[in-house]
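Presented below is the structure to which this report refers.
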Amino acid sequence: YRGREEGMNQWKSAHAAETDARTLEEAMVDCDVFFGLSVAGAVTRKMVASMADNPVIFAMANPDPEITPEEIAEVRSDAIVATGRSDYANQVNNVLGFPYIFRGALDVRATTINEQMKIAAAEALADLAREDVPDEVARAYRGTRLQFGPEYIIPTPFDPRLISAIPPAVAEAAMASGVARKPIVDMESYINELRARLDPTFGVLQLIFDEVRANPKRVVFAEGEEEKVIRAALAFKQEGYGTPVLIGYPERVQEMIREMGHDPDELEIVSARDFDNRETYYDFLYARWQRRGLLYRDCQRLVNTDRNVFAACMVANGDADAMVTGITRRFSFAYEDVRRVIDPRHGQRVFGLTMLLSRGRTVFIADTTVHELPTSVELADIAIQAAAMARQMGHEPRVGLVSYSTFGNSTHVTSDNIRGAVSLLDSRELDFEYDGEMSVDVALNPELMELYPFSRLSGPANVLIMPGLQSANIAAKLLQSLGGATVLGPLLVGLAHPAQVVPIGSSVSDLVSAAALAAYDAGKN
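Numbered per this note's numbering, the sequence shown spans residues 35 to 559.
Set out below in structure tokens:
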């Protein structure tokens with residue numbers, strides 16, 4: 035307090051207040067905020083009870099706070115509490131700030147870290163706390179769904195978005211306050227670069243995502259009554275990829291959106307029950323299936339009750355550009371629903387392409403979802419389409435048609451099919467490297483490949499064509515389950531209208547990526 039003589043110095047004097055209070059207990063009467071960095075037990079229940087309505091209490095003494103959240107809860111229920119402890123809500127952790135503040139400061143070569151930069155970091159944290167929490171954070175907290183409110187006013191240290199939220203804010207503040215010696219010209223590119231450091235798929239797909247933002251599309255999310263799908267739709271819209279459309283009963287979906295803290299009007303919700311164009315869909319589906327065992331009423335039932343069929347009809351009839359589904363049903367069932375409505379693109383095969391990113395390498399695996407034991411003709415077609423997809427994603431394809439044998443030391447039917455596919459590729463005019471049959475270690479290891487100097491591949495293969503669905507699917511899931519590899523897909527390739535079927539258990543970010551890739555495909559059709 036002003037006028038105090040004992041124990042004062044220039045730092046305490048800067049914060050001295052004009053007050054009659056002489057003890058902490060007196061000072062806390064009717065106060066709105068307590069901010070403590072002192073010692074356990076410094077604050078009592080009586081002090082907390084005397085504070086104003088809805089007080090904010092930051093008790094950050096470590097390892098034990100000035101007063102525990104349990105003690106606060108005994109005397110009042112309206113307090114917003116934060117501590118330095120990881121076992122309580124709202125942990126105030128220095129890793130939320132210092133690494134990212136320095137990242138932003140160093141990237142603009144700031145001469146100092148000033149108040150404007152620190153305030154920018156704090157405001158970036160506050161803004162981030164209001165956004166939807168990604169699945170990675172929920173997993174770290176044993177599936178607890180964190181949502182902005184008294185129990186969640188501060189992002190968690192596990193939030194992967196911190197690196198792309200705080201450094202740009204700090205860098206911009208440094209530039210605005212005149213302490214940046216190397217201003218960032220393209221802030222959006224800088225943010226994308228930061229994101230790619232923690233999410234390898236983001237860097238690989240960035241050109242695709244940028245193109246989708248430049249040409250946004252209308253994408254249907256078929257399982258619109260699932261919380262995860264609603265969150266993905268909100269993220270899809272927030273990222274600027276286009277207009278998400280949720281399939282579901284509007285009343286139910288709107289209530290879920292409200293419970294998530296969002297305005298129901300943010301998203302378009304459609305149900306077959308209220309859709310004006312549904313009779314057109316009946317006729318469309320009946321024309322496709324009337325000679326394949328379905329009556330008109332069967333087609334009506336499918337459109338009215340099967341959301342995948344309804345969503346696919348929207349896409350096939352031009353009421354939407356693309357669709358995504360899969361988190362509530364096994365792939366084979368969801369894929370069958372889609373194929374009731376959407377045919378293969380003319381002259382192409384439909385197959386699943388899985389992209390693996392590991393140790394700086396990107397490898398595409400096909401077919402991981404559709405063809406159980408592909409013929410030589412199917413393998414050759416899949417190889418050509420997979421090479422085209424790899425090229426679309428910025429990779430010059432080197433295709434390895436793989437088996438458990440290498441260059442003729444097996445007579446098994448799968449090896450015969452691979453050799454037949456290579457012969458068919460030889461008969462076509464192609465603009466990419468390919469070879470086979472070869473074992474997967476030879477295809478990926480340049481030292482082993484040197485044992486076969488006649489190989490046509492100039493380097494390790496980055497597109498692997500598998501001899502059968504079992505080997506492809508097992509290989510992709512094994513790598514994903516063991517860790518060490520980031521997996522995207524499987525992506526459906528070859529449909530006449532864009533549709534993606536994600537695996538059960540996919541995260542929100544997986545759904546958003548699949549929807550963005552479907553939108554990208556729509557732009558290419």
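By construction, the Cβ of each residue, glycine as well, lies at the ideal position given by its N, Cα and C atoms.
In the DSSP assignment, the alpha helix (DSSP H) including residue i goes from what residue to what residue?
i	result
Ser198	196-210
Gln150	149-163
Leu529	Neither: Leu529 is in no alpha helix (DSSP H) and is coded neither H nor E.
Gly539	Premise fails: Gly539 is in no alpha helix (DSSP H) and is neither H nor E.
Val375	365-375
Ile30	Lying before the first or after the last residue shown, residue 30 is absent from the chain, which here runs from 35 to 559.
Arg83	The sequence as given places Ala at residue 83; Arg does not occur at that position. Where Ala83 is concerned, the enclosing alpha helix (DSSP H) stretches over 79-83.
Thr107	Inspection of the sequence shows that residue 107 is occupied by Ala rather than by Thr. It spans 103-109 - the alpha helix (DSSP H) in which Ala107 sits, taken as one unbroken run.
Glu60	58-61
Ser47	44-49
May I ask you to list the residues that DSSP assigns as paired with residue i?
i	result
Gly70	Ala93
Val255	The residue you asked about is not Val; residue 255 is Phe in the sequence shown. Partner(s): Leu280, Val358.
Met389	Phe398, Leu522
Gln382	In DSSP, Gln382 forms no bridge with anything.
Val126	Answer is none; Val126 lacks a bridge partner.
Ala214	Ala144
Gly183	Tyr186
Val535	Thr359
For the beta strand (DSSP E) holding residue i, just list the boundary residues, first then last.
i	result
Glu471	467-472
Pro133	Note, Pro133: premise wrong, no beta strand (DSSP E); alpha helix (DSSP H) at 132-141.
Val115	114-117
Within 10 angstroms of the Cβ of residue i, are there 16 or more other Cβ atoms? Answer buried if so, exposed if not.
i	result
His531	buried
Ser515	exposed
Asp460	exposed
Ile153	exposed
Gly352	exposed
Leu140	exposed
Gly428	exposed
Phe488	exposed
Gly75	exposed
Asp310	exposed
Phe68	buried
Tyr369	buried
Val73	exposed
Ala564	Given a span of 35 to 559 for the chain in the structure shown, any question on residue 564 remains unanswerable.
- Does the segment 360-367 touch the segment 538-547, meaning 3 or more C-beta pairs lie closer than 8 Å? Because the criterion of three Cβ pairs below 8 Å is met, the segment 538-547 and the segment 360-367 touch.
**OP:** Please list the segments of the alpha helix (DSSP H) lying wholly inside the segment 299-351, counting only runs of 4 or more residues, in order along the chain.
**Re:** If only uninterrupted alpha helix (DSSP H) runs of at least 4 residues are considered, those enclosed by the segment 299-351 are 312-323, 330-339, 341-350.
inquiry  = Give the list of continuous beta strand (DSSP E) stretches no shorter than 3 residues that lie fully inside the segment 415-502.
reply    = Taken in chain order, the whole beta strand (DSSP E) runs of length 3 or more contained in the segment 415-502 are 432-436, 467-472, 497-499.
query: Between the segment 416-426 and the segment 384-400, are three or more C-beta pairs nearer than 8 Å?
result: Put simply, the segment 416-426 touches the segment 384-400. At least three CB pairs are less than 8 Å apart.
Is the segment 153-161 touching the segment 79-98, taking contact as three or more C-beta pairs under 8 Å?
-> No: the two stretches stay apart, fewer than three of their Cβ pairs being nearer than 8 Å.
Q.
If contact is defined by three or more beta carbon pairs under 8 Å, each pair taking one atom from either stretch, is the segment 89-104 in contact with the segment 131-139?
A. In short, these stretches do not touch, since the Cβ pair count stays below three.
Using a Cβ distance threshold of 8 Å, determine whether the segment 293-305 contacts the segment 198-218, with at least three qualifying pairs required.
Touching, no.
(Q) With a threshold of 8 Å, are at least 3 pairs of Cβ atoms found where one atom belongs to the segment 338-354 and the other to the segment 299-313? (A) Counting Cβ pairs under 8 Å, three or more are found: they touch.
At least 3 beta-carbon pairs within less than 8 Å: the segment 491-510 vs the segment 309-321: A contact between stretches requires three or more CB pairs, one per stretch, nearer than 8 Å, and the segment 491-510 fails this requirement with the segment 309-321.
Do the segment 184-191 and the segment 139-154 touch if we need at least three Cβ pairs shorter than 8 Å? Counting Cβ pairs under 8 Å, fewer than three are found: no touch.
Report yes or no: do the segment 213-225 and the segment 321-341 share at least 3 C-beta pairs separated by less than 8 Å?
Taking 8 Å as the limit for Cβ pairs, the verdict is that the segment 321-341 does not touch the segment 213-225.
Would you say the segment 268-278 touches the segment 244-254, given that touching needs at least three Cβ pairs under 8 Å?
-> Flag = yes, the segment 268-278 and the segment 244-254 touch.
Review point. Is the segment 277-286 close to the segment 386-394, with three or more CB pairs under 8 Å?
Key: Between the segment 277-286 and the segment 386-394, the count of Cβ pairs shorter than 8 Å is below three; the stretches do not touch.
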